[in-house]
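**Student:** Please see the structure below; I have some questions.
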Amino acid sequence: MLIAGKWVFITGASSGFGAAAARAFGAAGCHLLLGARRVPKLEEVAAMAKAAGAASVHFHALDVSSTASVEAFVAWVKTLTPRVDVLINNAGGAHGLDPVATAKDADWEAMVQSNFLGLLRVTRAVLPLLPHDAGASILNIGSIAGHQAYDGAAAYCGVKAAERSVTQALRFELNGTGIRVGSLDPGLAETEFSLIRFKGDAARAGKVYEGTVPLTGEDIAETLLWMASRPPHVCLDEVIIKPTDQAAIHKVYRRTKG
Ligand SMILES: NC(=O)c1ccc[n+]([C@@H]2O[C@H](COP(=O)([O-])OP(=O)(O)OC[C@H]3O[C@@H](n4cnc5c(N)ncnc54)[C@H](OP(=O)(O)O)[C@@H]3O)[C@@H](O)[C@H]2O)c1
Numbered sequence: 568m569l570i571a572g573k574w575v576f577i578t579g580a581s582s583g584f585g586a587a588a589a590r591a592f593g594a595a596g597c598h599l600l601l602g603a604r605r606v607p608k609l610e611e612v613a614a615m616a617k618a619a620g621a622a623s624v625h626f627h628a629l630d631v632s633s634t635a636s637v638e639a640f641v642a643w644v645k646t647l648t649p650r651v652d653v654l655i656n657n658a659g660g661a662h663g664l665d666p667v668a669t670a671k672d673a674d675w676e677a678m679v680q681s682n683f684l685g686l687l688r689v690t691r692a693v694l695p696l697l698p699h700d701a702g703a704s705i706l707n708i709g710s711i712a713g714h715q716a717y718d719g720a721a722a723y724c725g726v727k728a729a730e731r732s733v734t735q736a737l738r739f740e741l742n743g744t745g746i747r748v749g750s751l752d753p754g755l756a757e758t759e760f761s762l763i764r765f766k767g768d769a770a771r772a773g774k775v776y777e778g779t780v781p782l783t784g785e786d787i788a789e790t791l792l793w794m795a796s797r798p799p800h801v802c803l804d805e806v807i808i809k810p811t812d813q814a815a816i817h818k819v820y821r822r823t824k825g
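Each position in the sequence shown, counted from 1, maps to that position plus 567 in the numbering used here.
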């Protein structure tokens, strides 16, 4: 499907996968609608996407944990375009790596708000703008954590498992509309993810990737672009993508010793 000229809304576009997706969809000639809380970072991403060849780039503050913020964002979108062709629900991440016995309410609540309720809120607000029978896509970023739980991540794995359930429920609810819904579920990828999880502790975040060859934002972005540009009758329901050296969550081959 020709993706040039399509309107693409990316949540969490200020870093990592979202920023890389902005560049990739921009290079493909799309119109971009970028949201995140850090507006100065969005401004940088927007400039990069414009330089890459985007048809147009628009950015606005967005906090997916607030219904008011999501509604304000979508009201602003409506001043620019009557339709959104691709919605990429990417905003989210992990907070902390504590066992249930000692985990903090604030971390749990942040993860539920951004990864789970945020995805629902944004989707609800954007659904009226997605055209029927025109190859529109909702692409949700899940994780291999939604397939296999691991220690210290009960809540994070829980919200990513919930993301898969939302994707599946939307497939039922939107059946017959021609709107595609898919989940892209990455394994180990080097972004700001671990820095955020460990609250700015760069040394601890660095250890996660030490000696590994992780996925990059670009790997995820080009997969999203591929999913969105399949012919309209093709829906990638669920795509799992991992580094070659990652056999499972806990089985990562480290090529060099730190
Ligand atoms: N990296 C990995 O290994 C990995 C693997 C599987 C899945 N994932 C998932 O991939 C997605 C993107 O993560 P990433 O790896 O690219 O990490 P990242 O570099 O930390 O990016 C996370 C993005 O989400 C945004 N965000 C977080 N909370 C938000 C909120 N309340 N409202 C709006 N935007 C919010 C952040 O923007 P602001 O802070 O500016 O708001 C940022 O742009 C997340 O859903 C994450 O769970 C990551």
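Glycine residues also receive a C-beta, built at the ideal position from the N, C-alpha and C atoms. Treat the numbers as computed from the prediction; the structure is a model and nothing was measured.
Hey, could you find the ends of the alpha helix (DSSP H) P798 is sitting in?
**Tutor:** P798 -> no alpha helix (DSSP H), and no H or E assigned at all.
**Student:** Taking the straight line between their C-alpha atoms, what separation do you get for I816 and P798?
**Tutor:** Rounded to the nearest angstrom, the two C-alpha atoms are 32 Å apart.
**Student:** Considering only their Cβ atoms, is the gap separating T823 from A587 smaller than 9 Å?
**Tutor:** Result no, Cβ atoms of A587 and T823 do not sit closer than 9 Å.
**Student:** Enumerate, from N- to C-terminal direction, the unbroken beta strand (DSSP E) stretches of 3 or more residues contained entirely within the segment 701-764.
**Tutor:** With a minimum length of 3 residues, the continuous beta strand (DSSP E) runs that stay inside the segment 701-764 are 704-708, 747-753.
**Student:** Closer than 8 Å is the cut-off here; do at least three beta carbon pairs connect the segment 701-713 with the segment 761-778?
**Tutor:** Contact between the segment 701-713 and the segment 761-778 is absent, because fewer than three Cβ pairs lie under 8 Å.
**Student:** Just checking, does the segment 641-653 make contact with the segment 696-707 on the three C-beta pairs under 8 Å criterion?
**Tutor:** With a cut-off of 8 Å, the segment 696-707 and the segment 641-653 count as touching, because enough Cβ pairs lie within range.
**Student:** Starting from the C-beta of I746, find all residues in its chain whose C-beta is less than 7 Å away, skip the five residues before and the five after it, and write them out in chain order.
**Tutor:** The answer, listed in chain order, is L697, H699, A703, I705.
**Student:** Rounded to whole angstroms, what's the CA-CA distance from A628 to E676? Just pull it up for me.
**Tutor:** Approximately 21 Å, taken between the alpha carbons.
**Student:** Give me the residue from D665, A692, G749 with the minimum Cα distance to D718.
**Tutor:** Here the closest residue by C-alpha is D665.
**Student:** Could you spell out the range, first to last residue, of the beta strand (DSSP E) harbouring A621?
**Tutor:** It is not in any beta strand (DSSP E) - A621 carries neither H nor E in the DSSP assignment.
**Student:** Where do the ends of the alpha helix (DSSP H) carrying G593 lie?
**Tutor:** G593 -> alpha helix (DSSP H) spans 583-594.
**Student:** Please tell me whether I577 and G585 are closer than 9 Å, where the distance is taken between their beta carbons.
**Tutor:** In this structure, G585 lies closer than 9 Å to I577 by Cβ.
**Student:** Measure the alpha-carbon distance for L647 versus C597 and round it to whole angstroms.
**Tutor:** Rounded to whole angstroms, L647 to C597 spans 14 Å at the Cα level.
**Student:** Looking at C-alpha atoms only, which residue of S632, P695, A661 is the closest neighbour of K645?
**Tutor:** It is P695.
**Student:** Relative to the alpha-carbon of V624, which residue among V631, V641, G725, A614 has its alpha-carbon at the smallest distance?
**Tutor:** Selected option, being the one with the closest Cα: A614.
**Student:** Which first and last residues belong to the beta strand (DSSP E) in which T578 is found?
**Tutor:** Element bounds for T578: 574-578.
**Student:** Of the residues P607, G660, R688, which one's Cα is nearest the Cα of S636?
**Tutor:** Cα-wise, what sits closest to S636 is R688.
**Student:** For ligand 1, any of its heavy atoms closer than 8 Å to the Cβ of I807?
**Tutor:** No, ligand 1 has no heavy atom inside 8 Å of this Cβ.
**Student:** Which residue's Cα is closest to the Cα of L609: T744, W643, M568, A580?
**Tutor:** Comparing Cα-Cα distances from L609 to each of T744, W643, M568, A580, the minimum goes to A580.
**Student:** Could you pull the start and end residues of the alpha helix (DSSP H) that V637 belongs to?
**Tutor:** From DSSP, the alpha helix (DSSP H) with V637 extends over 634-645.
**Student:** For the alpha helix (DSSP H) containing E805, name the first residue and the last one.
**Tutor:** First-last for E805: 805-808, but that is the beta strand (DSSP E), not the alpha helix (DSSP H).
**Student:** Compute the minimum distance between the beta carbon of K727 and the heavy atoms of ligand 1, and state whether it is under 8 Å.
**Tutor:** Yes; taking the cut-off as 8 Å, the Cβ of K727 has a heavy atom of ligand 1 nearer than that.
**Student:** What residue does the beta strand (DSSP E) around A815 start on, and which one ends it?
**Tutor:** Residues 813-815.
**Student:** Which of the three DSSP states is assigned to N656 in this structure?
**Tutor:** Correct three-state label for N656: strand.
**Student:** Which residues mark the beginning and the end of the alpha helix (DSSP H) in which G773 is found?
**Tutor:** Where G773 is concerned, the enclosing alpha helix (DSSP H) stretches over 769-776.
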